[in-house]
Structure formats: C-alpha cells, structure tokens
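Below is one structure; the comments refer to it alone.
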Amino acid sequence: MESITSMENTDKSLIDAHRRGDPAAFGELVRRYGDNVLGYLIRMSGNREQAEDLFQETFKRVHEKAHTFHGPQFKGWLFKIATRVTLDGLRRGKRTKTVSLNQQLDCDNPNSEQLDAVALADNSCNPSEQALKAEQAEQVRRAIELLPARQRATLVLAYYQQLSYPDVAEVLGCSVGTVKTQMFRALKTLSHKLPEI
Amino acid sequence: MKNHLTENELIEYRFRLSSEEQQSTSSEHLTGCAECREHLEQLIKKFAALDLLREDAHVPEALISEVLEQAGKPVQRKVVPFHKSPWMGAVAAAVVACFVLLMSNLNTDKSTQRPFAREPKSEDRIISNESGAKGKAQADSPMTMVAQDTDAKTKIAAATESAQGEAATRIVTKETSQRTPLTAGRARDIAAVEASIAPTSKPIPEQPPFAPASAIELVTLPRRDKVQLTIYNSADLTLVRERRNLTLKKGWNWLQFMWANTLIDPTSLSLEPLEQAGKIDIQQLVFPARLRELGRWLIRSEISGQVPFEITYFTSGLSWRAFYMGTLSQDEKTMKMQGYVRLGNNSGEDYDNAQTRLIVGQVHILDEIAQLARRQYPYDRPELGIVHDESLGERAAEITNGAVTLQYGWAAQSLDVLGPKDIKKEGLSEYFLYTIEGTETIPNEWGKRLLSLEVEDIAVESLYKYDEERWGNQAIRFVKFANDEKHNLGQTPIPNGDVKIYSNADEQGYLSYVGGTDIKYIPVDEKVELNLGPARLVEIAPKLIDFKTENYIFDNRADVSGWDEIRTWKIEITNTRTLPIQIEITRGFGTAYWTLQSEIPYEKYDATHARFKLELEPRSKQTLEYTVRTYHGTREESLTQ
Numbered sequence: 303m304e305s306i307t308s309m310e311n312t313d314k315s316l317i318d319a320h321r322r323g324d325p326a327a328f329g330e331l332v333r334r335y336g337d338n339v340l341g342y343l344i345r346m347s348g349n350r351e352q353a354e355d356l357f358q359e360t361f362k363r364v365h366e367k368a369h370t371f372h373g374p375q376f377k378g379w380l381f382k383i384a385t386r387v388t389l390d391g392l393r394r395g396k397r398t399k400t401v402s403l404n405q406q407l408d409c410d411n412p413n414s415e416q417l418d419a420v421a422l423a424d425n426s427c428n429p430s431e432q433a434l435k436a437e438q439a440e441q442v443r444r445a446i447e448l449l450p451a452r453q454r455a456t457l458v459l460a461y462y463q464q465l466s467y468p469d470v471a472e473v474l475g476c477s478v479g480t481v482k483t484q485m486f487r488a489l490k491t492l493s494h495k496l497p498e499i
Numbered sequence: 022m023k024n025h026l027t028e029n030e031l032i033e034y035r036f037r038l039s040s041e042e043q044q045s046t047s048s049e050h051l052t053g054c055a056e057c058r059e060h061l062e063q064l065i066k067k068f069a070a071l072d073l074l075r076e077d078a079h080v081p082e083a084l085i086s087e088v089l090e091q092a093g094k095p096v097q098r099k100v101v102p103f104h105k106s107p108w109m110g111a112v113a114a115a116v117v118a119c120f121v122l123l124m125s126n127l128n129t130d131k132s133t134q135r136p137f138a139r140e141p142k143s144e145d146r147i148i149s150n151e152s153g154a155k156g157k158a159q160a161d162s163p164m165t166m167v168a169q170d171t172d173a174k175t176k177i178a179a180a181t182e183s184a185q186g187e188a189a190t191r192i193v194t195k196e197t198s199q200r201t202p203l204t205a206g207r208a209r210d211i212a213a214v215e216a217s218i219a220p221t222s223k224p225i226p227e228q229p230p231f232a233p234a235s236a237i238e239l240v241t242l243p244r245r246d247k248v249q250l251t252i253y254n255s256a257d258l259t260l261v262r263e264r265r266n267l268t269l270k271k272g273w274n275w276l277q278f279m280w281a282n283t284l285i286d287p288t289s290l291s292l293e294p295l296e297q298a299g300k301i302d303i304q305q306l307v308f309p310a311r312l313r314e315l316g317r318w319l320i321r322s323e324i325s326g327q328v329p330f331e332i333t334y335f336t337s338g339l340s341w342r343a344f345y346m347g348t349l350s351q352d353e354k355t356m357k358m359q360g361y362v363r364l365g366n367n368s369g370e371d372y373d374n375a376q377t378r379l380i381v382g383q384v385h386i387l388d389e390i391a392q393l394a395r396r397q398y399p400y401d402r403p404e405l406g407i408v409h410d411e412s413l414g415e416r417a418a419e420i421t422n423g424a425v426t427l428q429y430g431w432a433a434q435s436l437d438v439l440g441p442k443d444i445k446k447e448g449l450s451e452y453f454l455y456t457i458e459g460t461e462t463i464p465n466e467w468g469k470r471l472l473s474l475e476v477e478d479i480a481v482e483s484l485y486k487y488d489e490e491r492w493g494n495q496a497i498r499f500v501k502f503a504n505d506e507k508h509n510l511g512q513t514p515i516p517n518g519d520v521k522i523y524s525n526a527d528e529q530g531y532l533s534y535v536g537g538t539d540i541k542y543i544p545v546d547e548k549v550e551l552n553l554g555p556a557r558l559v560e561i562a563p564k565l566i567d568f569k570t571e572n573y574i575f576d577n578r579a580d581v582s583g584w585d586e587i588r589t590w591k592i593e594i595t596n597t598r599t600l601p602i603q604i605e606i607t608r609g610f611g612t613a614y615w616t617l618q619s620e621i622p623y624e625k626y627d628a629t630h631a632r633f634k635l636e637l638e639p640r641s642k643q644t645l646e647y648t649v650r651t652y653h654g655t656r657e658e659s660l661t662q
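These protein sequence lines map, in sequence, to chains A and B. Residue numbering for the first sequence follows the numbering used here, beginning at 303 and increasing consecutively. Residue numbering for the second sequence follows the numbering used here, beginning at 22 and increasing consecutively.
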C-alpha cells in the first residue's frame, strides 16, 4: 500500500515538475506508463501503427492538459485521456474506412511482429504449435475487435490493464454498475467466439 | 441443494461482477457441487484464451523521443479573439499607443516627433488594425507572435527615427494589416523588406537600394495561401510551389526568404508574380554575406498594393511510396484491390493544406538536394565575388571548389568557374503524375497514409508455374490481370510498390494471407503477373523413368563423334485445393537439338525449353509423361537435315 501511495505521490510530483517546465519529468512519465498505455492502445485499435499514432496523440494531450490534472491518481487520468483519444480515433477511422494491412496475420513473413509475439510468449520451438497459437491469438484479437468500443475499453482496462472496476468507472466516466454490465456483456459475447485452447 | 449455477452466474462469479452476497452464495454452492465446479473450470479454460494477447507491449525509444520532441514544442493556446471583445481591443490599442508615444519621445528630436504626433487619425487606424489582426491570428505559434509584436514596435520606433512621418505611418499601416496571418512553417519566414522609404507619388529611383543588412525593416509576413508539392519517388526531390500574397510599395522592394533548419535547395529558389507581371520586375536574388540561410529578392514595382506571387523551390526530405492490398474472392476469379500511398515529411518544414502530386519516373539530378540545403553558403563563400571591404583584400585564403583554388579580395575570380547548378531532365513525357484529391496537411516528421485506389471485381486468373531451373522443385503461384478497362482498371498507370494478397477464407469475411510481392510500374493496358511465392497445395513430382543412348556415330579414328540420348520422364501433379487450377510446366533440355513425344500437347517455349499447359480438377492428380530425344555431336546434323 505504501508503494502505491509513494508512486502516486511521485506521479503527482512529476506532473507538478512538468507543469513548472521540467522536460525530464514528462519524459519520466512517458517511460513509466508508456508500455501500459501502448498495450492498451494496441488492444483497443488492433493495429500497432494506429496505436503508435494514438500513443503520440495521448501524450500530446497529457502535455497540453497537464494544468487540468488535479486528481490523486495520474494513471486513471492518463487512461481517461487515452480512452478518449482512442474512441475519437476509432470513430475517425470508421469514417475514412481505412484498412490496416497489419491487421492480418502475416503467416508467411518470418519478421511478422505477431508471430514474434507469440513465439516469445510460448517458448515452444515447434513451428506448427507456434502457427496454431498465432492463429488462436488472431481469433482472440478479432473477437475483441468486434466488441462495441465501450465494451472493448471496459474489458481491456479491467482484464488486461488490471484496473479495478471503480477505477475503470473513473476512466470511462460512468458508474461501477455500468462498468460491470459492459464487462458482463463483453464476456458473454466472447464466450461464444473465443477459440478452444 | 439449489439449482445449478447458470453460465451467466458463473461468469459473474469468475469475474467478480455480482454483489458480495451473490459471490458468497455462489462460492458456497461451488464447494458442494462438482458439476458446477467442472463447468466453472471449463469456463476458466475458455477465457484463458484471452491471455494469448497478454504479451507486454514495449514502447520503442524512437517513439518516446518523438513524443518528447512534440512536447518540447510550444503548447498551442487559445488566443482570445479581440474582435469579439471590443473593449479588449480598445485597451490593447491604448497600451500600444502609449508605448509608441513614449518611444518617440525618448528617441527622437522634436522635429521628427511632430509630424507623427500630428497624425492621430492614422495612428488610431493602425492600432485598431493591429489589435484586430491579433484576433484573427492563428494561435499555433505564440512565441512567433510575441516576436512580431516586438518587431512592430521596434519598426515603429525605427520609422520615427527616419524623420519621415508620412512614410513611417504608411509602413506601420502596411505591416499591421499584413502581419496577421502567420505561416505555420516553424523554420521559415518570408518578409518583404523596404530598403528606402519613398512616397508613392515620387518617381522610382533608377538605382536600387543596397540590400539591408538587418531584418529590422520587416514589413510583411504573409502566410501561404496555397502550396503544391510535387514529390518524385525516384530521387529525394520535391518541387514546392507556394502562393503568397505580398504587399509591395511602388518602387524598390526587398523580399526576404529564410530556410533555417529545412532541407530547401537555395539555388533553386524562384519567384514570379501571378498578376501585374508587366509592372513588377524581379531583378535579382542575393545571399547577403554573414547572414546564413536567407536570401533576398530585389523587386521593382510600378504599383503599390497586394500582389499574389508564386515561389518555387526544390526541397529534400519528402517522400512517398505506394503499396497495395488485393483480396481474392472465394472462387479466386475476382479480386478487390486497394492501393495506398504513404507520404513522409522529414524536410524540416510543415506543409499545411498542400495539394500533393506524386511523380512516377526516374529523375537524374547532379546534386543531392539535402547537401545543397546544408551548405553554408548557397553558391559558395560570398567573398568569391568582388569584395569591397579592403580589410579582406590582403587576406589570402584558399577555397577549394573542386580543383579550383581562389583568393579573396579584389583579385576576384569569375563566378563562371563554379558553373550553373544543373538539374537534368530526361524523358519527361514518360513520367506520370498522380494528384491527390483535395489538400493534405503534412507536418514535419509525420507520415501519412492515403487511400489512392479502390477497385472491386478485377477479373483475375490464378496460374501455377513449375520451372526447376528458375524456382527449384516447387510450383509457384501467380495471379494475372491487366491494367485495362476490361479489368476495371486502366485509368492510370500503377506505381511500383509492395503488394499483399489475401483471400476471403469464409463467408464471414475473414481473410487469409496468400502471398506478397513487389510490382514494378505498370503502364496502362499492360498485363501483370503477381508472383505470390511457392504453392503448398500443388505438388509436382518429376521422375526419370528411363534413360538410354543410341545411334552412335564413329569418326575415322573409331572415336564416338555423335549419339542420341533418350529420356522418359513421368511428372505427377497433385492438386489438393478445392478449386480447379491451371499449371504451366516448363522443361529444359540443355541443348537446342531435341525432339519430344508426348500425349499431352506442348509448345516450344524457346530453343532449349518446352512448355506444357494443364488443367486439373479440384483434389485431383494427373500424370504427364513424355520422352525427349537429344542429339549430340555429329548427330545434331541429322536433326537439321
């Protein structure tokens, strides 16, 4: 508990330092939460390239809106911005009907990031097992991608980012009950679409 | 015992979605119910699939650097529009007026103060213009705006000093009305510089004024009205055409152009008036000594007022490349094709709302634009020309420019030795120009992907080829179509780029990756064959069934001088696909003297190769058998006879 408090304090002090014009403080915040935020954005957008764009936009807004941060928990505020940026970005993406070339699993490309990710996750050297895992991961990704944006955000924040339901409610700006409902609906949908492993 | 827990209840229990009370009730039930425990385990196992996406993402350092660099730029802040709050404009006007009067009292003698002070009406007009200008200004560069305000005040003071009140008033009026729209480009400004102040009624002096050495006389700061980028993908070269409205006075005008921190080739700068061309004469472009990364145009104008100009130059750092995605229908008879263009901007300059044109074709250039842009002086050291500073006259220094060694001072060398900068143009008619519809904003260091082509139902042929000499023991898959109207294409040539082909795997629209390749430039009406790589579902197994030699011929010394070799081959082709296929099998014989016998027709592909074309039903096998006789030594003559 102490460590959480001290981390929060440090976040607060970093954002204060950033507001005072200390560039190193902002860099520290980006490094501290970068992996978390990028992971969230990749799962939300299903596309690394787009996620990196959203990542830049998220931290740009954090930089610009730093003076509006007053809360105790920086992480929640950061994810709130990331969610807003993502939902805006996804809405724009729908309008322009862009198709991501990276969305498809590039099985024949040995440099494929997705295959690398699976290979790292699974130390098995068996190529057929790797291919199977990659295919299953792709199915999971597709299933999550088909969820409505709010449900997807709830699932990713609660399950992958391991935020508590009240924290998710804070990020999404709704009640805990709504979060639980969204989560239940997302899980119910996924239960029919997830592959057997 | 209570009824078994439903799947919904189990989900709620597993993910702690129900109330505390419900959680404990479910927990109790599970303790005593093996069936529900098993059901729960199955559910946990099912949701374990979610963990396949749990791998951590790592932010690349380059991305962090980009974010930090972006954060290093000034934050965009809203500017309060003065025109919406007239009282604020009035306050600002009063402050500026006080400042102006204070400065003129401090810095000028009485004779110069009077004319300026006697013009309250014009001054009021100036101030209101200035405050109105602020309201309209773009808020993207607050630091620049402050700098401009300071400039304006300095300029007012400088104008007062010049003891020509009338002219000073005119300058200030002009600058305040023109300064408003700031360019979004962070590194470059354009400004008309007045070197002399002359009433419009006076005749234009014949001799131009000497280029001012400082930028204190900045008069206008116009924004780009339009910008057009023509990007060549074969060379690191982009032609930029900007349209800006410049305010000229009657007489001589200096126009300053700065390119600090950009990759602009200063030797390529060109300026043309778009209107009143007969009354405006662009006399020269000079690169003042000791002032780096700026040039000044000398313009003789017979009119005063706003004139649209076009400024053109080459820059480096902008690039584009095309790539494509093809989606085959389930029967593989048609393909949907989407083409994209990725634009990148590392030129050091932001281009807002630029009309973007892309050129396909080879351009040969003598110099790297980026190197030209980074040179300290556009055409080499300024001292190379006639230097009027005698203190430099005796100072000898060597400047290496190729093999030429020159000296400073009055013993100036001809500039001819440098030679004009040359850009070769070859085969312009073979280029093709792609214009992106509308305009695009491409900030510096950003990339942008645009949809360039989207065509449905392109009729395609799937074809397999087998040629051991080219691809070894594997069949290669090709997709064929043509860039013509029959295939819903043919409007434009297709630029070179990478292609990825996917296939509709099922009716839900899931795609499976088929293969990828790169295509070269495809002119209109040209056929295309996309090599998608080895085909795993089509197998070819050639076997040599029989080999013998015969028809030996002996020479006078009883040595063998000619013979025939007869080989019988059996090639088994297996199609494990659920679709019929066409396959071309090419066989080489290593000699131009051969005859072939086969029940399956063949064509002579070239002197040493024969080609068979077969069609296989889905999930079928076919055997190709042929006997080839090759003639060697003196036996070759028997074939020609």
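Think of the CB as a built atom: it goes at the ideal place given N, C-alpha and C, for glycine as much as any other residue.
Exercise for review: Could you work out which residue in Val458/A, Leu492/A and Arg363/A is closest to Ala445/A when comparing CA atoms only?
Suggested key: Leu492/A
Check your understanding: Hey, Thr283/B and Glu370/B are a contact pair by Cβ (cut 8 Å); roughly how many whole angstroms apart?
Key -> 5 Å
Exercise for review: Can you tell me which of Ala433/A, Gly348/A, Phe381/A and Glu447/A puts its alpha carbon nearest to the alpha carbon of Ser466/A?
Suggested key: Phe381/A
Check your understanding: In chain order, what residues of the same chain have a beta carbon less than 7 Å from the beta carbon of Glu30/B, not counting five sequence neighbours either side?
Key -> Ser47
**Study point:** Buried or exposed by the 16-neighbour rule on C-beta atoms within 10 Å, applied to Phe344/B
**Key:** It counts as buried.
Review point. In whole angstroms, what is the alpha-carbon distance linking Thr360/A and Val88/B?
Key: 9 Å
Check your understanding: Taking Cβ to Cβ, would you say Asp286/B is nearer than 8 Å to Phe335/B?
Key -> yes
Review point. Is the Cβ of Asn499/B closer than 8 Å to any Cβ of chain A?
Key: First, the amino acid is wrong: residue 499/B is Phe here, not Asn. No, its Cβ sits nowhere closer than 8 Å to a Cβ of chain A.
Practice item. Would you kindly check if the distance between the Cβ of His630/B and the Cβ of Tyr650/B is under 8 Å? Key: Before going further, note that residue 650/B is Arg rather than Tyr in the sequence given. For Arg650/B and His630/B, no; Cβs fall outside 8 Å.
Exercise for review: Could you tell me the distance, in whole angstroms, from the CA atom of Pro516/B to the CA atom of Leu496/A?
Suggested key: Straight-line measurement puts the Cα of Leu496/A at about 41 Å from the Cα of Pro516/B.
Review point. What does Gly391/A reach in chain B if we use C-beta pairs closer than 7 Å?
Key: Correct list: empty, because the minimum Cβ distance to chain B is about 14 Å.
Point to revise | For Lys435/A and Leu343/A, the rounded distance between their alpha carbons | key: Leu343/A and Lys435/A: Cα-Cα distance of roughly 22 Å.
Point to revise | Buried or exposed (CB count within 10 angstroms, at least 16 for buried), Tyr573/B | key: exposed
**Study point:** Alpha-carbon spacing of Glu330/A relative to Phe308/B, whole angstroms
**Key:** 44 Å
Review point. Can you list the beta strand (DSSP E) stretches of 3 or more residues lying completely in the stretch 556-583 of chain B, in chain order?
Key: Assignment of beta strand (DSSP E) within the stretch 556-583 of chain B, counting only whole runs of 3 or more residues, yields 559-575 in chain order.
Practice item. Give a yes or no on whether the minimum CB-CB distance between Leu469/A and chain B is below 8 Å. Key: Strictly speaking, residue 469/A in this sequence is Asp, with Leu absent from that position. Nearest CB-CB separation between Asp469/A and chain B: not below the 8 Å threshold.
Practice item. Note down the Cα distance separating Lys482/A from Tyr361/B, rounded to an integer number of angstroms. Key: 41 Å
Practice item. Run through the stretch 459-524 of chain B for me and flag every whole beta strand (DSSP E) of 3 or more residues, listed as ranges in chain order. Key: 461-463, 468-480, 482-488 and 497-503
Check your understanding: Listing by chain order, which chain B residues have their CB less than 7 Å from the CB of Ile499/A?
Key -> Ala69 and Ala70
Review point. Do Val476/B and Asn525/B have their C-beta atoms within less than 8 Å of each other?
Key: no
Review point. If you draw a straight line from the alpha carbon of Trp275/B to that of Gln304/B, how long is it in whole angstroms?
Key: 10 Å
Check your understanding: Can you tell me the Cα-Cα spacing of Phe328/A and His365/A, whole angstroms?
Key -> 8 Å
Review point. Are the Cβ atoms of Ser337/B and Lys270/B separated by less than 8 Å?
Key: Not closer than 8 Å, so no.
Review point. If you drop the 5 nearest sequence neighbours on each side, which residues of the same chain put their C-beta closer than 8 Å to that of Gly518/B?
Key: Arg342, Ala343, Phe344, Tyr345, Gly360, Asp539 and Ile540
Check your understanding: Mind pulling the chain B residues with CB within less than 8 Å of Glu354/A?
Key -> Simply Leu84.
**Study point:** Reduced DSSP category for Val116/B - H, G, I as helix; E, B as strand; rest coil
**Key:** helix
Check your understanding: Taking buried to mean at least 16 other C-beta atoms within 10 Å of its own C-beta, is Lys490/A buried or exposed?
Key -> The residue in question, Lys490/A, is exposed, as its Cβ has fewer than 16 Cβ neighbours within 10 Å.
Exercise for review: Using a Cβ cut-off of 8 Å (strictly closer), state whether His79/B contacts chain A.
Suggested key: yes
Review point. Quick one: Cα of Ala298/B to Cα of Gln512/B, how far?
Key: 38 Å
Check your understanding: Do Trp584/B and Ile566/B have their CB atoms nearer than 8 Å?
Key -> Contact: no.
Review point. From Gln618/B to Thr661/B, what does the alpha carbon distance come to, in whole angstroms?
Key: 18 Å
Check your understanding: How would you label Lys486/B, buried or exposed, when you count the other beta carbons within 10 angstroms and need 16 or more for buried?
Key -> buried
Check your understanding: Name the DSSP beta bridge partners of Gly360/B, please?
Key -> Tyr345/B and Leu474/B
Point to revise | Whole-angstrom C-beta distance between Tyr531/B and Ile380/B, which should lie under 8 Å | key: Contact flag wrong, Cβ pair sits at about 38 Å.
Review point. DSSP three-state call for Gln643/B: helix, strand or coil?
Key: strand
Point to revise | Integer-rounded CB distance, given that Ser473/B should sit under 8 Å from Ile602/B | key: Not a contact, Cβ separation roughly 32 Å.
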